[in-house]
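This report refers to the structure that appears directly beneath it.
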Amino acid sequence: KARLIMRRMAVLRASPVLSEVPHKKPERRHKLSGKRSGQFAVVLKHPFRLIFKPDHEPLPRKDDGGLDLTQITAIK
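Laid out in structure tokens, this is it:
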């Protein structure tokens, strides 16, 4: 799993904005909900995920109120 975590971290580091992290396999970036609302994840190997959240204050928003993934440049 360590190599897979390192690969996903490399993809995250190489992406200047969150919208460039692939939302299709193998990374499958996706927004979480419920008690993890506001967080995102990339898939490691089912059922494991690498979970992170935008590191912006305030969060960049679109006109419709949704997060603007093209403006998220830092995560934690």
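Residue numbers for the sequence shown, in this note's numbering: 13 to 88.
Heads up, the beta-carbon is just placed ideally off N, CA and C, and yes, glycines get one too.
- For Arg-25, the enclosing alpha helix (DSSP H) has its first and last residue at 14-26.
- Distance check between Ser-45 and each of Leu-30, Leu-71, Ala-53 places Ala-53 closest, using alpha-carbon atoms only.
- Counting only residues of its own chain and dropping the five nearest sequence neighbours on each side, Pro-34 has a CB closer than 8 Å to the CB of Val-23, Arg-40, Arg-41.
- Under DSSP, the beta-bridge partners assigned to Phe-52 are Lys-43, Phe-64.
- For the pair Val-55 and Lys-43, the CB atoms are not nearer than the 9 Å cut-off.
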